[in-house]
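Enquirer:
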Amino acid sequence: MLQKKLFLALITVLIALSITFALIRNIPGDVIYSRALTIASEEGIPFDIAYERALGLYGQTLEGSIFSQYFRYIKNIASGSLGESIFYKIPVIQIVLKALPWTAFVVSISVMLSFFIGTRLGMLVAWKRKSFSNTFVTGYASITDATPDFITALILLIIFAINLGWFPLKGAYDISLTPGFNGPFVISVLYHAVLPVSAYTIESIGGWALMMKGSAVDVLGEDYITAARAKGLKERRIIRKYMGANAILPPFTSLAIVFAGMLGGAALIEGTFAYPGMGFFLGAAIGMRDYTLIQGLFLFTTLGMVMANMVTDLMYYILDPRVRG
Amino acid sequence: MKKNSLKIKDKIIKLKRKSIFISLVLEDKRMQIGIIVVVFFILMATIGPAIFPLDLRSDYANRYQTPSFKHLLGTDFAGRDTWSMLVHGSRDVMLTAAFAAMFSMLFGILVGSIAGFSGGWTDIILMRIVDAMLTIPSFPVMMIMAATFKVSNPVGIGLVLSLWTWAGLARAIRAQILSLKTREFIQVARMLNFSKFYIITHELLPNMMSYIIVNFIRSMRGALTASIGLMYLGIIPYTATNWGMMLNLAVFQTGTIYVPRGIWYMLAPMGAIILFQYGTLGLASGLEELFNPRLRENE
Amino acid sequence: MENKKGLKIKELTVDYKVKEGNLRSVCDASFDVEEAKVTGLIGESGCGKTTIVQAILDILPSNGYIESGRVIYKGKNILELSPEEQRKCRWKELATVFQAAQNSLNPVMKIKDQFYDVFEDHDTKLSHRQIMKKMEEKIRLVKLDPGRVLHLFPHQLSGGMKQRAVIAMSLLLEPEVLILDEPTTALDLITQSYIMTLLKDINEKLNITMLMVSHDISNVAKLADKIVVMYAAQIIEIGTVEDIFYNSFHPYTKGLIDSTPSIVGDPSNKKPIAGDPPSLINPPSGCRFSPRCKYAKDICFKVFPVLKEVENNFHAVSCHRWQELREFMN
Amino acid sequence: MKKYIISLLIVSFLIVSCVGVSIASEEKVFRTLGGWDMPPAYNGNPFAPGGVGAANDYIYGKLAMYRPLTADFVPYIAESFEEKNNTLVVKLKEGLYWDDGVPFTSKDIKANYIINGGISTWSHIWDSLDSIDSIETPDDHTVVFKYNENRSILVTNYILTEWQKVAEHIFAKWMGPAEELITLRKQYKEQKSEELKKVIDEKYTEFREDIRSFRPEKPIGVGPFRLTRVVGDEMLLEKVEKYPGIENLEVDRVGMGKYTTNELAWAQFIAGKVDIEKPATPRDVVDAILKAQPKMKHIPVPDFASFCVVMNQERYPFSDVKFRQALAYIIDRDKVRELALYYATTTEYICGVLPSVIDKWVNTEILNPYNLDYDKANLLLEAAGLKKDTRGFWCNDKGEKIVLEMSARAGYSDWIIAAEEIARELTDFGIISNVRIVQGEIFGETLAAGEYDMSIEFSVFAKRHPLEGLKRLYSPGEWIEKCSRLDKVVKGPNGKDMNLTDLVTELSKTFDIEKQKAIIEKLTWATNKYLPVIEFLEKNSQFFICDGVRVTGWPYGDELIGGLAADWRLYTVKWMLDGILKPVAK
């Protein structure tokens, strides 16, 4: 059972790798030019000088045909090495290990938070179909759905960081603190995470609410809900333990996908808050055509997803006795 | 003679169904809103441009005007009428969204139904691919595709968009098929060994029509926002009237978000998108209830 | 006769709002459910039995509502109680065993917990141990092994076991009145009769008032003291089992009895009633049975017969011609 | 629970309208923005990817800074310098130390040029540095550059304004290869043999890879500040102990925030969290910022870079000079400027010399201003063999409509807006033009490969001398020359052929100002007549400086403008060192 799961997961990862590999190797583009432009503007030097400098810095080489590269790549991964970043000349793993935790930290909190709030909201709405809250949730969902996440992030930033000055503008922690497990640092980290987290959360609550509403409405048709009412159970209990416990199952299954989606889609929000996560390196890597780095980052989002999938499977097993047989 | 009367009979039944259907539609508030909105946008995309001529000539002095009779939604950073830009932009936006939804439904149904129906290795393999697709973060992929592809017409854009949305659908469709497979009428059909194709097209899909329609609308909503993202990334050839471009220019390029006067120019495309989302959402859930009476009971 | 703890249903009328218009699914129904007795409510499916049950418990679907009528229990009309009072009174006073009871168990909760909820929400001042004792006792009452069943999930039980579990659940708070809506449908005959005998001795042991709703008259007859016959949203005859079986005045009742197969006896003399029950949206103007009634005269088609008591002990019938008919019907 | 958050949001939305801006003031800190790669990519090797970043200006120095507006040099780490008969003698300031305590000497300067020479073996700038025969260091504080005869007019400028990034004791192991490369390259200039080129390439790659893989955690600088911490979003630099005149430096720390996007820079201006930055900002946003944050000042300064429409002259109809001229008449340059970069300067004369310095160099009488004139345009187009069809669209002789594509780089808002406006003007005139936004990474490629009709581009960068700009237009391999693909041999005013490339080379070796002017006149005339590009504006850097939040004392007026135009970061450091720019008194 478990072996089978693992095996299938492995295949998934492999396919994902191959697809991304094929994709990545087909990116066209003259990196040097764009890099030169940034240098020119950063250092305020003439373009031609900047261009030469960029060439000197970033001129990159890749040996072998696509296929030989592919097999080398797979072999390396099998032997546990992600190779060296073409651009930065340091092991990819080093970069990933530095960036991933931040993204994972923010994203997982947001996913959990939004799932919690969203599903609660969905239940409520399902129970009181005709009430105002229904229109409210639908409206909320369509608004957040229509507002690109980076705009939400920007608005949050302007309100809470600029105008109200409640939260820091950017970054993951106060530079004057020494990273490590010490009180001030942890607090500062949490403090800095507030805005990014809320940006993600606000964006995704609506979706959860709608999903939950959908399945909750289905459940409401079931006899055991009527029975529960006839039993004279308190409303809260019926909503939570009878409607909720059953309705949560379908949304729960899509938890993993959403998680992975956020893991990869982090770029723009992270950009807005200058958050030192995967987003930055993903953007940079794609911009620089740093194939190994892109692949490394993708590999980890893929792994993240697969793992999340397994975890949700496991929890589903706990949540729904029927699958236990 | 008898045949004839029979024909008449089920005609009558059909009519009756239809009338009930309509009465149901009229029943549901959200449904009405949804239909109104959608119709509104369709009109906007079709006859709108004829009614509101587009003048892209810039008029710097009159930039960032607030709504007035002259400019229903005010003017943009170059003093052009926001409303007429919205109207002229709507066609491409709608088409793109529609095509994207269509393609992703197409792939989704194809893969999903094959996997779900034939089961076995086919199923496993297809599902692995689907999972793989789902594990690849769509945003960077879009970035990459933005650099790789050179698409210009709504069809092409729709295709690119659908490439990363069909997987989820395939999964859902498969699940549906699996649950349907256990139903008697399918069992019977299999016993009478009809061809798979026949069963899928004549037995399974019709029974999932409601689901498919609802999801079509859903993915259309998704596609709309995604296409805006594409414009942001510059994958779509630039058109001043594309809502995505308008939003992008408003927020990022011209920093309208900081210019109180210009807020209208920013809200216009956003509002349009929100309205569309809200309408389609209502329509979708309305239809869902229509097709699934069970939901109606506990209204 | 005294009937304090029993239920009195008075002029109960229930409507459903549907697309086609107003559907009167219970029309001016009045009958008593006597204390410690078993009252059977008989009728073809769709005649409004279940609606009556839902009305009594006031858990009608959102598009149904009680047009008029009262349900008197312990001297007060429980339909007028506040939602909270109603909630409190449910299960403690009137418990229900629902149609297709298998589905009335929450699939993701252990039987134990589902039982426990009932105690928790009706503030019984019982300790945990006492509660457990009660549960086990009730489970035993339905001939199940508490040690096992309580710790299982619904999907791990067989249909019959579920049914019994549900019955046990309904008895948890020792209710005065127990309403059983089609308690045995969707079960095989052996289990059916088993459940029936079970109910019988529950009724005797706890002398609990029972309202048993069923379409299967023979089944109900086994334990009912009194039978209420419904047809097309109306009550057409009320009487003791004897009355109904051997001395019924209403052609429909008669037809119903004749048409029911009994395990004993020769199946050849079954005469099913011709025709279909009328639509409740626009019912026939006169006697609702008239279209199917072979004794119908034009008065039957025109005038609406009221339920009137005939002869002794509460035997009541709604038919214009019962006197003439009684001779050659029985 | 959820409702709380929502209501909170709504409430705060309301608050926003009334609440003012709150500023957290910090002790003796100077705040700016800049770019660098996040750790772990970040490192202290200026020649490695992810190296140093925008900390440059605070930790390194230049011998002197060139002020384009006044065309003079201001010594920085040089005490003094003098140039006479082919030698440049530079005296260094006393008391300069590398961050690791090693004194900074003339050896380091020599090393700097050698390493740089190695790094940019194929760079055009070294055309001029090839004109250095030798670098001598008679003592620790004197450097003597010996030039050869055909030296470039810019060599001194390059030498003086080159960053001093190389500590000899750190880069010693790469000196050898670098020197070798330089000599090899000199050989290659004489005898252009392929095998020699191959050899150079190999050695070059090896050298580059090797120096790249050197990744110290932090840079070793020689400036008044030392890099102490760097994280994803912020860099922290602290005052060093030993530096000439350090006692006047009252600012203790420089905090550099990550520069992500303009709108975020604006946000930080409004919050008063930045002391100086120069994002291109639309007029209304400028107003909004100044309104929201009264302590912010907005100062436009010439940027010595211009925007243009570059046209692919291999393609019809751009191949026809008349068509190009027609376009020049159709495009309303001032309007484009207004929309795209309000605070820029409209190009009056399209000639390859920037408006900000045109009076110094060019006699504009000989130039055609190409003022908006549809009649002239019509005539030119007809002369070019185009016809207007019934619906008012221009068609080629075969009667096919002319449809052009205007490219602009994705993310460059000003370019996009300009492109759109120009395309619209052309379309309105009857030349159908569509805009295409091209992803940054493909953009350069597309242009260089000539797979485009016309595009918005930087026309010239000419901070030091018009030569730079004209080179970009006409020297082989230079960007615009590459993209425009124009014919460098044209009919001069007198009807005689003149080779523009040669003229540029000649200019680069001509020292006499009058002679220079003469050549420039020819080149500008040619540019103006043959239009390899249609310039429409010269960029102005829009500096936002924050006066009185953390620091104060900005020297307004010419000093400020001149300084910012020269080398804004370095100049702010200079002002701090001179004790002009100091923390606000608490």
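Chains as they are written, first to last, in this note's numbering: chain A, 7 to 331; chain B, -11 to 287; chain C, 1164 to 1493; chain D, 3 to 588. C-beta: ideal position from N, C-alpha, C; glycine also.
(1) Residue 511 of chain D lies in the alpha helix (DSSP H); which residues open and close that run?
(2) Sort out for me which residues DSSP pairs residue 33 of chain D with in a bridge.
(3) Would you mind telling me which residues of chain D sit closer than 7 angstroms to residue 265 of chain A, beta carbon to beta carbon, in chain order?
(4) Going by other Cβ atoms of all chains shown within 10 Å of its Cβ, with 16 needed for buried, is residue 328 of chain A buried or exposed?
(5) In whole angstroms, what separates the C-alpha of residue 425 of chain D from that of residue 345 of chain D?
(6) Taking only beta-carbon positions, decide if residue 231 of chain D is within less than 8 angstroms of chain A.
(7) Only counting runs of 4 or more residues, tell me where the alpha helix (DSSP H) segments fall wholly within the segment 1317 to 1364 of chain C, in order along the chain.
(8) Name the chain D residues that come within less than 8 angstroms of residue 40 of chain B, Cβ to Cβ?
(9) Roughly how many angstroms lie between the CA atoms of residue 95 of chain A and residue 205 of chain A, to the nearest whole one?
(10) Roughly how many whole angstroms lie between the Cα atoms of residue 129 of chain A and residue 121 of chain A?
(11) DSSP puts residue 1228 of chain C in a beta bridge; with which residues?
(12) Ignore the nearest five residues each way along the sequence and tell me which others in residue 261 of chain D's own chain have a CB closer than 6 angstroms to its CB.
(13) Taking DSSP's pairing of strands, which residues face residue 82 of chain D in a bridge?
(14) Tell me, please, whether the CB atom of residue 311 of chain A is closer than 8 angstroms to any CB atom in chain B?
(15) Indicate whether residue 1305 of chain C and residue 1274 of chain C have their beta-carbon atoms separated by less than 8 angstroms.
(16) Would residue 146 of chain B and residue 185 of chain B be called neighbours here (beta carbons separated by less than 8 angstroms)?
(17) Skipping 5 residues on each side, what residues in its chain have a beta carbon closer than 7 angstroms to that of residue 1318 of chain C?
(18) Where does residue 157 of chain D fall in DSSP's three states?
(19) If you measure beta-carbon to beta-carbon, which residues of the segment 34 to 59 of chain B are closer than 8 angstroms to chain D?
(20) Give me the chain A residues within the contact set of residue 546 of chain D, using Cβ-Cβ distance strictly less than 9 angstroms, ordered along the chain.
(21) For my contact list, residue 1452 of chain C and residue 1357 of chain C are in at a C-beta cut-off of 8 angstroms; report their separation, rounded to the angstrom.
(22) Output yes if chain B places a C-beta closer than 8 angstroms to the C-beta of residue 101 of chain D; else output no.
(23) Please list the residues of the segment 131 to 148 of chain A that have a C-beta atom closer than 7 angstroms to any C-beta atom in chain C, keeping them in chain order.
(24) Using a Cβ-Cβ cut-off of less than 9 angstroms, list which residues of the segment 259 to 275 of chain D approach chain B; keep chain order.
(25) Pick from D/208, D/578, D/195 and D/466: whose alpha carbon is nearest that of residue 154 of chain D?
(26) Assign residue 247 of chain D to buried or exposed, taking buried as 16 or more other Cβ atoms, counted over all protein chains shown, within 10 Å of its Cβ.
(27) Taking the alpha-carbon positions, what's the residue 22 of chain A to residue 117 of chain B distance?
(28) Beta-carbon of residue 308 of chain D versus every beta-carbon of chain A: anything under 8 angstroms?
(29) Rounding to the nearest angstrom, what Cα-Cα distance links residue 132 of chain D and residue 306 of chain A in this structure?
(30) Kindly provide the ranges of any alpha helix (DSSP H) runs that are 4 or more residues long and lie completely inside the segment 68 to 130 of chain A, ordered along the chain.
(31) According to DSSP, is residue 213 of chain A part of a helix, a strand, or is it coil?
(32) Please tell me whether residue 388 of chain D and residue 156 of chain D are closer than 8 angstroms, where the distance is taken between their beta carbons.
(33) Would the segment 566 to 574 of chain D and the segment 296 to 316 of chain D be scored as touching if the rule is three or more Cβ pairs under 8 angstroms?
(34) So what's residue 1394 of chain C in DSSP terms, helix, strand or just coil?
(35) Name the two residues that bound the continuous alpha helix (DSSP H) containing residue 1184 of chain C.
(36) Residue 548 of chain D bridges to which residues according to DSSP?
Expert: Let me lay it out:
(1) 502 to 511
(2) D/257
(3) By Cβ distance, chain D contributes nothing, its closest Cβ being about 20 angstroms from residue 265 of chain A, past 7 angstroms.
(4) exposed
(5) 22 angstroms
(6) yes
(7) 1322 to 1334
(8) Those do not exist, as residue 40 of chain B stays about 18 angstroms from chain D at its closest Cβ, beyond 8 angstroms.
(9) 34 angstroms
(10) 12 angstroms
(11) C/1178
(12) The beta carbon of residue 261 of chain D is closer than 6 angstroms to those of 35, 36 and 37 in its chain, skipping five residues each way along the sequence.
(13) D/93
(14) yes
(15) no
(16) no
(17) 1270
(18) In this structure, residue 157 of chain D counts as helix in the three-state DSSP scheme.
(19) So the close ones are 44, 45, 46, 48, 51 and 52.
(20) Within 9 angstroms Cβ-Cβ: nothing; residue 546 of chain D doesn't reach chain A, min ~15 angstroms.
(21) Their Cβ separation, rounded to whole angstroms, is 35 angstroms, which puts residue 1452 of chain C and residue 1357 of chain C out of contact at 8 angstroms.
(22) no
(23) none
(24) Cβ contacts with chain B: 263, 264, 265, 268, 269 and 272.
(25) It is D/466.
(26) exposed
(27) 8 angstroms
(28) no
(29) 49 angstroms
(30) 72 to 84
(31) helix
(32) no
(33) yes
(34) DSSP, reduced to helix, strand and coil, places residue 1394 of chain C within a strand of the structure shown.
(35) First-last for residue 1184 of chain C: 1184 to 1196, but that is the beta strand (DSSP E), not the alpha helix (DSSP H).
(36) D/298, per the DSSP bridge assignment.
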